[in-house]
Amino acid sequence: MKHAGLVVFAVGFASALAAGWAGLPRVLYRTEAQPVGFSHKVHTGEKVGMACNDCHAITDAGHFGGIPKIDKCAGCHAEPVTTSADEKRLVERFVKPGREVPWGVYARQPQNVRFSHAIHQNLAKLKCEQCHGQHGTSDKLPLVRVNRISGYAHTMKMSECEQCHAEKRVGTTCQSCHK
Amino acid sequence: METTRRNIFRFAAGASAGVFFTPAPWKLLDDVSVWSQNWSWIARPLRGEITEKFTACTLCGAGCGIRARCVADQPCRLTGLAGDPASGRTRLCPAGIGAHQLPYAPSRLRTASINGKPATIDEAVVEVMARVKSANRVAVLDGRPGRCASDIYRAVAASDKKWHYVVAPGSTGLMAEMSRLTGVAWGLDTERVKTVLSFGAPVLHGWEMPGKLLERRADYRLIQVEPVQSRTAAFADTWLAVPPHTEGVIAGAIANVMFRDGLVSCDAAAGYRNVVASLTPERAAEISGVPVARIEETARAFASGGPAIALGPVEAGTLGREGAIAVAALNLLIGDRAAVVARGPLVLNAEFADIEEGSVDVLLIDGAAPLPPSLVRRKLRAGACVVALSAFPDEWTTLASIVVPAPAWMEFREDVTGSPDAVRNSFRLAAALVKPAVDRTITPADFVARAAGVDKTVAAEMDARIAAIHARRVGEVYKAGDGSRVELASLSADDFKAALNDGAVWVGPLEKKVRTGAVKWPSDAATFARALVPESTGDGLMLAVRSGMPPVPLLGKLYQESELYAAAGIVRMNPVAGMAEGTRVELRNAFGSGNASVRLDASLPAGVMQASNDAALKLCGAGSDAWRMAAVNVRRAS
């Protein structure tokens, strides 16, 4: 064949593209299920009517409370209140023994980054949904995708932070976000 | 298509080219860089619950209140407490800001040692017990008297006649000499003072007691009498530049002018008139070079400038005992116009200088004690054993034959009794906030109690003192968490103890009925006046000590570049001394010698040399009842 060499080169080129774009994400990340299923939709729905801040509060000192402790869950779930298998598991494995749920964290940050929920919520007046999408009304917790090399979960990228900062015309210097 | 070597290379070349059009190389580089941030040996901040705890600093006697921001129970930021009634300070000094880092210092003492060989703490106790058994005199030197640990030392001294409890000079506060003269403990009323006459006190750059004056600088006039232009001298309203060691002469001359011009308003001062009769302003001008008019003007400003105070330097030996008396006497001369408050009867502790020379067989040292080695050597018997109880290596651990590692600040619970010069008594606890960085340590007081066979612990003494304060049911308790004040009488014993453990501070009431007795003025006027006049230097230079904390350029704006030169092994002098920059010189006088490098500094007066406290102590002499600075001969090191 006249252009056999070129074809082989193109096959190699295409293989690399396929591996890089399609294969790498599958190999690079491992997925982990949360230890207990949780429905934000049920908790924020009409029946229960909780707001984001009821569990993920920002303290008076301006610190983000993060994921609530088991005591918070125990306030309503000292005993199962539904027939849900996930709720039963929560009560039996964590509430009654007083163990914290080892939730997989979607947004663990690298050490060289600082992020203040208080500033973004109170000063920039951002809604939770603007960064977290419809997480607050989702019925199931997504799988946690953990990078096998870095150990961090797949989350927002710096480019997304930069884009929003540029749109809002706030600082995009290194020290704005990096320690 | 055949699998040939050439095709394999073509495929690899295509794949290599193609991979750069995928995110793979950039993503892998990114992930590897993030992974490298989490290598196990890279220090990283703790993650965990963020809490706020309240404690107190024990680095110096000021006892500042501390608000500690903790992550996962480890303090990560220390700030001062606004409205702290015990220390009166709202900000921390540079050392206090980083106090939670000190336990991790690489130079930390990690094991006990006996004659330079590693040993366990138990072996050190046994060794000291053996030395004590054969000793005639054992002394415990307390660098910070007034604590519950000091009560243990007193109990040990009371249990056996061979044990002696002594305190370090300078640890008894700026008002110590005035208290000795009158038999009453005095507090410095920083709230009322309108005129401060400072004889080398680091009013604007120190921290322990004068630091309180720094907070309200705009409210008083400051006259600084000092040989060198320290930061306090630079920012004083008036700076009287005097030759080193002539501060006492100036103080005596000011008293002389006050008697002469009828500015003395205290009957008890009559006995001092003859003592300073020979120290006329003309004679002081001859000795110090300060014009007579400046001395007279200073005397009038001090006597008529509202509530006033005269302060000596922190370093006890800079003026000598007579100089310190001359400064303290000025406060007595103005009677009720002195900005002082009587705190109660004086509890007089024996000072190290009071010990008989050549008599100490075993010396145990707790805390930093600024003493000249020449004085220490004179007190020790030949072959004496020195035991240094310290968390860090210092001049005492190099001198000691037995070294015992103590816990560092914030590693153990301590009590803080406030400055000895404060107007009110106070008591607070400094919590153990930091996880111990060294496995095996023992508090100095517990070590001394074990070595003496006394069944007492600091923890038990602390509980006893808390109970004793509560039993008096006077004073108020300031709760650092919410800034509230409650009467002690309204708290139960358990609530009081819990509040102290949470960082509260108890502040006692003002003592109203304190009787002052007759003032013990120096009996021999001629000897007193002679001791104030510095010895002739011959060809040597007069040595001035740099007082107060060293400047930290990163944390403060007010410092002079030349101040940074005042490190160990450096002496500063005026270029007219004839030395070149960096010259190695030998410093020698009757009390000691040492080598140093020269830094030229035109801001120093001719004939004056300045060294850091540590270096200067080696050249200090000891008189019969005190230690003092002395002139130093300087020559190029051979």
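Residue numbers (the numbering used here), protein chains in the order written: chain A, 1 to 179; chain B, 180 to 817.
Glycine included, each C-beta is placed from N, C-alpha and C at the ideal position.
- Task: State the DSSP-derived secondary structure class of B:I513, mapped to helix, strand or coil.
- Result: coil
- Is it a yes or a no for the region 10 to 28 of chain A touching the region 184 to 203 of chain B, going by three-plus beta-carbon pairs under 8 Å? yes
- Query: chain B partners of A:V8, CB-CB under 8 Å?
  - Reply: M180, N186, R189, F190, G193
- Task: Determine the direct distance from the alpha carbon of A:A19 to that of A:P25, and round the result to whole angstroms.
- Result: 9 Å
- Taking Cβ to Cβ, would you say A:V27 is nearer than 9 Å to A:V101? no
- Item | Residues that B:V211 contacts on chain A, provided the C-beta gap is smaller than 9 Å | I149, S150
- Using CA coordinates, which residue listed in B:L353, B:R557, B:I581 is at the minimum distance from B:A567? B:I581
- Which listed residue (B:R462, B:L490, B:L442) has its alpha carbon closest to that of B:A480: B:L442
- Item | beta strand (DSSP E) segment containing B:V595, residue limits | 593 to 595
- Message: Just to check my reading of the structure: B:G431 and B:V455 have Cβ atoms closer than 8 Å, yes? What is that Cβ distance to the nearest angstrom?
- Response: 5 Å
- Member of A:P110, A:N53, A:G75 whose CA lies at the smallest distance from the CA of A:I67: A:N53
- Which of helix, strand or coil DSSP assigns to B:A489: strand
- Item | Other residues of its chain near B:G302: CB distance less than 8 Å, five sequence neighbours each side excluded | Just to set this straight, residue 302 of chain B is Glu in the shown sequence, not Gly. The answer, listed in chain order, is A291, I293.
- Short CB-CB distance (under 9 Å) between B:G225 and chain A: Before going further, note that residue 225 of chain B is Leu rather than Gly in the sequence given. Chain A contact via Cβ: absent.
- Using a cut-off of 8 Å between C-beta atoms, extract the partners of A:V11 located in chain B. F190, G193
- Query: Using Cβ-Cβ distances below 7 Å, what residues of the region 108 to 126 of chain A are close to chain B?
  - Reply: P110, Q111, N112
- Message: So, with DSSP's three-state summary, where would you put B:T497?
- Response: coil
- Task: With DSSP collapsed to three states, give me the class of B:M721.
- Result: strand
- Message: Can you pull the chain B neighbours of A:L17, defined as C-beta to C-beta under 7 Å?
- Response: G197, F200, T201
- Message: Any beta carbon of chain B sitting closer than 9 Å to that of A:G20?
- Response: yes
- Query: Which of helix, strand or coil does DSSP assign to B:K658?
  - Reply: strand
- Message: Looking at chain B, is there any beta carbon in it that lies within less than 9 Å of the beta carbon of A:A14?
- Response: yes
- Report the rounded CA-to-CA distance for B:T497 versus B:D625, giving the unit in angstroms. 34 Å
- Partner residues on chain A for B:W214, Cβ-Cβ distance less than 8 Å: I149, S150, G151
- Item | Cβ shell of B:G450 (< 7 Å), same chain only, five flanking positions each side left out | V698, W700
- Is A:G5 close to chain B, meaning its C-beta is less than 9 Å from at least one C-beta of that chain? yes
- Query: With which residues is B:D321 paired in a DSSP beta bridge?
  - Reply: B:V346, B:D545
- Message: So B:K206 contacts chain A; which residues on that side make the cut at Cβ distance below 8 Å?
- Response: L24, L28
- Evaluate the contact criterion for the region 324 to 334 of chain B versus the region 457 to 469 of chain B: three or more CB pairs, one atom per stretch, below 8 Å. no
- Could you tell me whether the region 354 to 367 of chain B touches the region 515 to 527 of chain B, where touching means 3 or more Cβ pairs closer than 8 Å? yes
- Measuring CA to CA, which of B:Y344, B:K558, B:E306, B:P572 is closest to B:R287? B:P572
- Message: When you compare the CB positions of B:M437 and B:A482, do they come within less than 9 Å of one another, or not?
- Response: yes
- Should B:N528 be flagged as near chain A, meaning a C-beta pair shorter than 9 Å? no
- In the DSSP assignment, find the unbroken beta strand (DSSP E) run with A:K179 in it and report its ends. First-last for A:K179: undefined, no H or E at that position.
- Message: Between the alpha carbons of B:D594 and B:F606, how many angstroms are there, rounded?
- Response: 7 Å
- Contact check, B:D545 vs B:R316, beta carbons under 9 Å: no
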